[in-house]
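Residue numbers (our numbering), protein chains in the order written: chain U, 1 to 253; chain L, 1001 to 1132.
For every residue, glycine included, the Cβ atom is placed at its ideal position computed from N, Cα and C.
One structure is given below, encoded as structure tokens.
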Amino acid sequence: MNCSRRSFLKYAGLSLIGMGVKPALAGDEASRFTRSPEELMAKRWAMVINSRKCPGGCKECIDACHRVHNVPNFGNSKDEIKWIWNEPFRDAFPGQEHAYLQEDFKKKPVIVLCNHCDNPPCVRVCPTKATFKRKEDGIVVMDYHRCIGCRFCVAGCPYGARSMNFRDPRSFIKEINPDFPTRTKGVVEKCNFCEERLSRGLLPACVVACREKAMVFGDLESPQSEVRKLLQAHFTIRRKPELGTNPQVYYIV
Amino acid sequence: MYDKGKIAAGILIFLALVTFPFWYGKGRTATPPSISLDTPEIRKLAVKECIEPTPYMRANHMELVKSWREAVVREENRVYVNREGKKYSMSLSQTCLGCHSNKERFCDACHSYSGVKPNCWDCHVVPKGGSL
């Protein structure tokens, strides 16, 4: 075949364009998935915890969360898995403690959980993108299918919000909730702001379980939301904001 | 040629080993898996049809489930629209096993026959009434 270099390059270029166009035309697969109509949606989910209302020592929210999400209890602090837990004030807010702090704070632990940071270090260090921040609503979620158990995120998270399954968790779950998967050995887990409940139109389990209504969940970008009203009405602090993670759990103290 | 005998014997042994599965299995018939569609949930259905036509499901269920996984976990889509426009919740343990409540005689029957070991159930929970 007689083909000049010029025409060869022309046809090669044309076929390259063709290859690029084909997937765009054939892309009808994605339209087969839609969102659930009952889903609660927000531009930026956030939580306000009123630690004045929190009685301290109460574990309703912790129990509810750990029951709903099949969080195992290995019975020792070395292997402990925690999504939401009690932390002494001085550990939750290091640097805020001083010798003359109100007695209440010295004794009363603070409820802490994943802060769903706007600039999450766990996402940055994850080599497989198993942890990622959702573009739509800012929740930092985990794709357990992709987690390889490298624990970079455990080291990266300044809040200790991530726990590694060093053992197979199945047999350490008191009662398995069939609506949520368990994890396997070698997978890290953390709070997911109950994204699976939000998709069914339900508020997070801890918020629902709190008898004192000390936990409020809502859309930070909507001025009418309850979280925004609380942030307007009260002075709030966040955990270690100086690290630049921009945490999205606010505390009224 | 040196060591003619040894080489020939070696080749013979090699061929015997390589062809072992063929002559060992000759005359035997493996019983194909019997897949049971007889569950109370399927009996209740007016039209006994899966979310997609059976041949498609048989060939592509693994790809379908994998695409569900990506859609639900990473793209926040929870609803699957099939070719006829019918909507289904993308849930392995609720939608799939909701009808196929006999995991042992449906999923496992074929998977053990073909030596496939999907790791779905290491994490996902088989609903009660099935088997756990």
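- Taken in chain order, the complete alpha helix (DSSP H) segments of 4 residues or longer contained in the region 46 to 108 of chain U are 60 to 68, 89 to 92 and 103 to 107.
- Minimum Cα-Cα distance from residue 1083/L among the listed residues 1054/L, 1104/L, 1107/L and 1093/L corresponds to 1054/L.
- Of 68/U, 18/U and 55/U, the smallest CA-CA separation from residue 196/U is found for 68/U.
- Taking CB atoms only, residue 1080/L has a neighbour in chain U less than 8 Å away.
- Within a 10 Å sphere around the beta-carbon of residue 215/U sit 16 or more other beta-carbons, which makes this residue buried.
- Here residue 184/U carries a coil assignment [DSSP, helix/strand/coil].
- When Cβ-Cβ separations below 8 Å define contact, residue 189/U makes no contact with chain L.
- Taking C-beta atoms as the reference points, residue 1106/L and residue 1051/L fail to come closer than 8 Å.
- Between residue 1089/L and residue 1127/L, the gap from beta carbon to beta carbon reaches 8 Å or more.
- Between the C-alpha atoms of residue 177/U and residue 100/U there is a straight-line separation of about 45 Å.
- Going by DSSP, residue 1011/L is part of no beta strand (DSSP E) but of the alpha helix (DSSP H) stretching over 1004 to 1024.
- Using beta-carbon distances, residue 1128/L counts as an interface residue toward chain U, with a partner under 8 Å.
- Classified as exposed, residue 136/U has fewer than 16 neighbouring CB atoms from the shown chains inside 10 Å of its CB.
- At the C-beta level, residue 149/U and residue 125/U stay beyond 8 Å of one another.
- Scanning chain L for C-beta atoms nearer than 7 Å to the C-beta of residue 134/U yields 1076, reported in chain order.
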